[in-house]
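*Asks:*
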Ligand SMILES: C[S@@+](CC[C@H](N)C(=O)[O-])C[C@H]1O[C@@H](n2cnc3c(N)ncnc32)[C@H](O)[C@@H]1O
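In my numbering, the protein residues as written are 6 to 228.
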């Protein structure tokens, strides 16, 4: 059985990993890139990559067994516009984002991140200021960041952080505080589960502004 939660601050997950060369990830590495952070078993990207094959898709996930299973599915379908990588997003992703060719990153999704309810565990949550700064630096104005969760106590601090940064704005036509629907062609696995139980989902689509990105506060200390 796959354990439900991995502590991203554990010493097991502090080693930065190298980003494979883009040509090893995708057959056409210059296509626009969608990055899904915390992709779990990868079924959302697997479906989206087939529904909209015109861009590349990269899923990153801290649970290695899920990445291996997702990669096996992808290889079985011979999808060369999709790849899954094991990493701790808070350790490796800043560097990886900095290595991407300027303008390649088209969209980032963070969907139903692990909640880590206890206050002393909030620093284990994936959207930390340093990661947001790296995303803002890699996304050109007009590019998208989509976040959603079924837990208000998780999504509200994420949205507060993103709103306060000035690096992202919401499309004028979008309902406040939460979008009525998912703008993507495919729901995430967790989203499907939550909706099947008739529970609410809180979503915000952000668009990158032209405000220059800079460091947003200190990085986090391991507990
Ligand atoms: C609740 S699941 C949601 C999965 C999927 N996004 C969905 O909506 O169905 C959150 C996922 O994020 C992963 N995760 C949590 N912290 C992470 C980190 N620091 N780096 C990479 N993945 C992380 C977890 O292992 C888990 O698979």
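Every residue, glycine too, gets a C-beta built ideally from N, C-alpha and C. Small disclaimer: the values here were computed from a predicted structure and weren't measured.
I'd like the list of long-range same chain contacts for residue 148, defined as Cβ closer than 7 Å, with 5 residues on each side in sequence excluded.
*Replies:* So the qualifying residues of the chain are 110, 111, 112 and 213.
*Asks:* Identify whether residue 114 lies in helix, strand or coil by the three-state DSSP scheme.
*Replies:* Three-state DSSP puts residue 114 in a strand.
*Asks:* Between the C-alpha atoms of residue 38 and residue 209, what's the straight-line distance to the nearest angstrom?
*Replies:* One C-alpha to the other measures close to 20 Å.
*Asks:* For residue 89, list the residues DSSP reports as bridge partners.
*Replies:* In DSSP, residue 89 forms a bridge with 64.
*Asks:* Compare the Cα-Cα distances from residue 104 to each of 23, 192, 43 and 188 and report the closest residue.
*Replies:* It is 23 whose Cα lies nearest to the Cα of residue 104.
*Asks:* Going by DSSP, which residues form a beta bridge with residue 154?
*Replies:* Paired residue(s): 207.
*Asks:* What do you reckon, are the CB atoms on residue 173 and residue 150 nearer than 8 Å?
*Replies:* For residue 173 and residue 150, yes; Cβs fall inside 8 Å.
*Asks:* Who does residue 130 pair with in a DSSP beta bridge?
*Replies:* DSSP lists no partner for residue 130.
*Asks:* Buried or exposed: which applies to residue 73, given that a residue is buried once 16 or more other Cβ atoms fall within 10 Å of its Cβ?
*Replies:* Exposed: under 16 other Cβ atoms inside 10 Å.
*Asks:* Between the segment 69–87 and the segment 48–57, are three or more C-beta pairs nearer than 8 Å?
*Replies:* Result yes; three or more Cβ-Cβ pairs closer than 8 Å.
*Asks:* Among residues of its own chain, excluding the 5 on either side of residue 71, which ones have a beta-carbon nearer than 6 Å to its beta-carbon?
*Replies:* Excluding positions up to five away in sequence, the list reads 45 and 46.
*Asks:* Apply the 10 Å Cβ neighbour rule to residue 29 and answer buried if 16 or more other Cβ atoms are within range, or exposed otherwise.
*Replies:* So residue 29 counts as exposed.
*Asks:* Quick check: the Cα distance between residue 191 and residue 155, rounded to an integer number of angstroms?
*Replies:* Approximately 17 Å between the Cα atoms of the pair.
*Asks:* How many whole angstroms separate the CB atoms of residue 58 and residue 86, which I take to be in contact at a CB cut-off of 8 Å?
*Replies:* That pair is a contact at about 6 Å.
*Asks:* Shorter than 7 Å, the distance from the beta carbon of residue 193 to the closest heavy atom of ligand 1, or not?
*Replies:* Because some heavy atom of ligand 1 lies under 7 Å away, the Cβ of residue 193 counts as near it: yes.
*Asks:* On the three-state DSSP scale, how would you describe residue 39?
*Replies:* In the structure shown, residue 39 sits in a strand (DSSP, three-state: E or B).
*Asks:* If you measure between the beta carbons of residue 102 and residue 135, is that distance less than 8 Å?
*Replies:* No. Outside cutoff.
*Asks:* So if DSSP puts residue 212 in a beta bridge, which residue, or which two residues, is it bridged to?
*Replies:* DSSP output for residue 212 lists 149 and 174 as bridge partner(s).
*Asks:* From which residue to which residue does the alpha helix (DSSP H) around residue 49 run?
*Replies:* Where residue 49 is concerned, the enclosing alpha helix (DSSP H) stretches over 48–56.
*Asks:* Going by C-alpha distance, which of 95, 116, 25 and 27 is nearest residue 13?
*Replies:* Answer by Cα proximity: 95.
*Asks:* What is the rounded straight-line gap between the Cα of residue 183 and the Cα of residue 165?
*Replies:* C-alpha separation (whole angstroms): 13 Å.
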